[in-house]
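Report on one structure; see the data block that follows.
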Amino acid sequence: MANDTRARMVTGAARMISRRGVDAMSLRELAEQEGVPLGSTYHFFPGGKAALVDEAVNYVGDQVAGSIAATQGKGTEHIVRWVLFAWRRILLRSDFQAGCPVLAAAVAKDERHRATARAVFDRWTTGLIEVLVDDGVPADRAPAVARTVIASLEGAVGLARAFGEIGPLDDVQGELIALVRAAVESGAGAPDRG
Numbered sequence: 447m448a449n450d451t452r453a454r455m456v457t458g459a460a461r462m463i464s465r466r467g468v469d470a471m472s473l474r475e476l477a478e479q480e481g482v483p484l485g486s487t488y489h490f491f492p493g494g495k496a497a498l499v500d501e502a503v504n505y506v507g508d509q510v511a512g513s514i515a516a517t518q519g520k521g522t523e524h525i526v527r528w529v530l531f532a533w534r535r536i537l538l539r540s541d542f543q544a545g546c547p548v549l550a551a552a553v554a555k556d557e558r559h560r561a562t563a564r565a566v567f568d569r570w571t572t573g574l575i576e577v578l579v580d581d582g583v584p585a586d587r588a589p590a591v592a593r594t595v596i597a598s599l600e601g602a603v604g605l606a607r608a609f610g611e612i613g614p615l616d617d618v619q620g621e622l623i624a625l626v627r628a629a630v631e632s633g634a635g636a637p638d639r640g
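Counting the sequence shown from 1 gives a position; this note's numbering is that position plus 446.
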């Protein structure tokens with residue numbers, strides 16, 4: 447029961463952050479939304495809002511990192527399509543109100559949350575680099591391609607929210623697939639450096 451309450455608070459915080467950003471997240475509203483006493487927040491998160499925010503951002507980060515790891519062997523194109531499919535669902539279900547909680551933390555006032563976001567982005571980048579190298583992208587090019595994929599996906603979500611339409615996701619999908627294919631081809635025929 448206690449673990450369930452704590453988990454509801456973490457996922458609820460992630461949802462609230464995705465819609466409002468870190469600075470506008472309210473512990474009182476979260477407790478009401480999740481049907482838990484406000485005191486439970488401080489019981490489970492003695493560090494208060496800051497601790498809950500970081501845990502929620504890490505939760506989202508872990509979910510995505512786990513999905514990247516689970517698609518190992520299916521290729522970067524599969525990951526790009528999967529992430530954009532997931533974002534289409536999230537954006538449509540939220541009427542374009544939900545964004546990425548990790549990006550919200552990256553632009554928060556508190557450096558602590560920005561550091562948490564950087565750590566999550568680093569985990570995602572590392573996971574994508576591994577997949578890209580497995581796909582045949584040269585190891586020296588893979589980090590830039592991985593960061594481009596992440597930045598493009600985050601930007602597409604922001605544009606989709608701003609315009610209230612899915613078009614930016616479609617545009618980014620086509621361009622990222624072309625980028626990944628070109629990066630893979632640039633590694634084809636390259637001498638094995640391993």
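All residues carry an ideal CB built from backbone N, CA and C; glycine is no exception. Since the structure is predicted, the reported quantities are computational estimates derived from the model, not experimental observations.
Considering residue i, what are the terminal residues of the alpha helix (DSSP H) in which it resides?
{"i": "residue 513", "result": "494-516"}
{"i": "residue 483", "result": "Careful: residue 483 lies outside any alpha helix (DSSP H) and carries neither H nor E."}
{"i": "residue 584", "result": "Taken as a continuous stretch (DSSP letters only), residue 584 belongs to no alpha helix (DSSP H), as it is neither H nor E."}
{"i": "residue 553", "result": "Neither: residue 553 is in no alpha helix (DSSP H) and is coded neither H nor E."}
{"i": "residue 619", "result": "613-633"}
Have a look at residue i and residue j and give me their C-alpha separation to the nearest angstrom.
{"i": "residue 479", "j": "residue 471", "result": "12 Å"}
{"i": "residue 614", "j": "residue 543", "result": "15 Å"}
{"i": "residue 597", "j": "residue 477", "result": "33 Å"}
{"i": "residue 498", "j": "residue 491", "result": "6 Å"}
{"i": "residue 466", "j": "residue 460", "result": "10 Å"}
{"i": "residue 573", "j": "residue 511", "result": "7 Å"}
{"i": "residue 550", "j": "residue 516", "result": "25 Å"}
{"i": "residue 581", "j": "residue 522", "result": "7 Å"}
{"i": "residue 514", "j": "residue 450", "result": "26 Å"}
{"i": "residue 473", "j": "residue 609", "result": "30 Å"}
Can you give me the Cβ contacts of residue i inside the same chain, cut-off strictly under 7 Å, excluding the 5 residues immediately before and after it?
{"i": "residue 520", "result": "none"}
{"i": "residue 546", "result": "464, 600 and 603"}
Starting from the Cα of residue i, find the closest Cα among the options and give me that residue.
{"i": "residue 569", "options": "583, 557, 504 and 482", "result": "504"}
{"i": "residue 534", "options": "583, 567, 581 and 618", "result": "618"}
{"i": "residue 496", "options": "563, 559 and 524", "result": "559"}
{"i": "residue 625", "options": "588, 607 and 557", "result": "588"}
{"i": "residue 506", "options": "577, 453, 488 and 541", "result": "453"}
Are residue i and residue j closer than 7 Å when you measure CB to CB?
{"i": "residue 612", "j": "residue 592", "result": "no"}
{"i": "residue 662", "j": "residue 554", "result": "As shown, the chain starts at 447 and ends at 640. That puts residue 662 outside it, with no answer to give."}
{"i": "residue 548", "j": "residue 529", "result": "no"}
{"i": "residue 583", "j": "residue 630", "result": "yes"}
{"i": "residue 561", "j": "residue 552", "result": "no"}
Enumerate in chain order the residues of its own chain whose CB-to-CB distance from residue i is below 8 Å, with the five nearest sequence positions on each side excluded.
{"i": "residue 486", "result": "451, 455 and 477"}
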